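These notes concern the structure reproduced below.
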Amino acid sequence: MADKYGDKPLTKKQILESDRPKMLDSDKSKKQSSDNDQLEDVEVAHVDETIVSKVGDKKSNIKLNKFDVFFIRIWSFICAAILKFSYLIVKGIKFVIKKEIPVRYVVATVSTLLVVALIALCAAPFTRTVSVDDIEIYHNNLIAVQKEVGKDDVTMAPIYKWGYVNKKGSTKIDFIYEDAMDFKYKVAFVLVSEKTGSSTYSYWKLINTKGKDVGSYQFSQTIGAERVVSEFSDTDKLAKVCLAGNYGFINTSGKMQINAEYDDAGSFVDGKARVGRGSTYYFINKKGKQVSSEFSYARDYVEGYAAVKTLSGMWQFINNKCESITEAKFDAVSDFHCGYAAVKLGSSYAIINTSGEYVVKSNLFSDIKILGEFELVS
């Protein structure tokens, strides 16, 4: 092909270039601008320590140090993880509601959680560390202490009295008592001695954490004799007291909830207490109502079981419902300890569990003792 402006023939390259459509100047400007914008995006994406913002024709740079960048990245990751986790939970709930998730997956998940919980429960006793905090020293933020308050006028022997101090060692209730018991449910028994001439009258009374009397009862105490009041029970908030030679039960308000009309009594445990009248014993509830049959003797509940001596003179065990778990065939028994009790049948000894089954039994044993915890009574 010849050039239209001359006779010289065109080369193949010139022919191809002449046939290609030419780009207008405006198109070139747009392409160049687009390429520059992409380049700026790439450059800004790799900037870690500078944020560039444009407002009109003005530029402002915000400098970030490495810690700022790290902090922003960490929180971005945490927020993204929380959102993702929330989304999965919502999605899972929808699957369960619509019943689109297979039953076997639900069973597998629940089974896994139960296994993990069981392992944690079994491992807890072995991983637990006993500390001083496990021992309760202060009751209602008070502790009973004794100190010397003076000298006897004749013998010059030191005189000691009991009172109460708080955790800071400050005296909260004066040192004026002959004896004092721990506070429980914001009340405590204290022993008072009043002298009249050459005689001394000693009695227990109930006080609150401010040292004020709770109720008006006075429980006479013979010095050197067994204490006529007991601590309040953990579950029933009742305390055994002896009034005029008979036993009853007082509540934390200082009122006699069960009248003092028994010759003997034990402490309340899980809603029941043993009481004795004459030669018979039985168990009562917190209203004073008899809830068991009669026995010739009964011991307090320990670990949910009580040893009772039937009217025939043989021992057996009853549960918290006053139902027999063993036959009345033992000559002597101990209380339960860690789920076991020692028993005596004739001249042989055995160990039983809380189901009344023999764990150790042999006619060859003339006596039995395990860690000194089993004290037999006959």
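Residue numbering for the sequence shown follows my numbering, beginning at 2 and increasing consecutively.
Ideal placement from N, C-alpha and C gives every residue a C-beta, glycine not left out.
These figures come from a predicted structure and were not determined experimentally.
I'd like to confirm the pairing. Which residues does DSSP put opposite residue i in its beta bridges?
i	result
L346	S349
W316	K310 and F331
Q258	Q258 pairs with nothing; no bridge assigned.
I75	None; I75 has no bridge partner.
K162	K148
Y263	Y248
For residue i, count the other beta carbons within 10 Å of its own beta carbon; 16 or more makes it buried, fewer makes it exposed. Which is it?
i	result
K169	exposed
T380	Residue 380 lies beyond the residue range present for the chain, which begins at 2 and ends at 379; the question has no answer from this structure.
K67	exposed
R74	exposed
S280	exposed
K310	buried
D336	buried
V378	exposed
G267	buried
Q291	exposed
V111	exposed
F78	exposed
G249	buried
L122	exposed
W316	buried
G198	exposed
Among the options, which one has its Cα closest to the Cα of residue i?
i	options	result
N247	S221, K92 and L122	S221
S349	G340, F337 and D332	D332
L244	I73, K273, E232 and K206	K206
C339	M257, Y306, I208 and L84	Y306
I326	I353, G357, A351 and A342	G357
D180	T197, I160, N167 and G314	I160
F269	V309, L114, S231 and F184	S231
K213	S254, A261 and G272	S254
Y178	D154, Y186, A145 and N167	A145
G347	V361, Y302, K330 and N260	K330
S203	T197, G249 and V193	V193
T210	K185, I224, T223 and C80	K185
V303	V91, Y341 and L312	Y341
G151	Q258, K162, T201 and N142	K162
D237	G249, V276 and N286	N286
N320	L239, S293, M257 and G164	S293
F318	K345, A351 and T355	T355
E324	A343, F284, A351 and I353	F284
R278	D271, G272 and S297	S297
What is the DSSP secondary structure of residue i, counted as helix, strand or coil?
i	result
F176	strand
Y204	strand
A329	coil
F190	strand
S1	Because the chain spans 2 through 379 in this model, residue 1 falls outside it and cannot be assessed.
C243	strand
I138	coil
T113	helix
L143	strand
V276	strand
K340	Sequence check: residue 340 is Gly here, not Lys. DSSP places G340 in coil when its eight states are reduced to three.
K85	helix
D214	strand
D69	helix
K93	Note on identity: in this sequence residue 93 is Gly, with Lys being the wrong assignment. In the structure shown, G93 sits in a helix (DSSP, three-state: H, G or I).
A118	helix
A46	The pLDDT assigned to A46 is 39, lower than 50, so where the model puts this residue is not dependable; a value taken from the coordinates is nonetheless given after this. The answer is helix: DSSP assigns A46 an H, G or I state.
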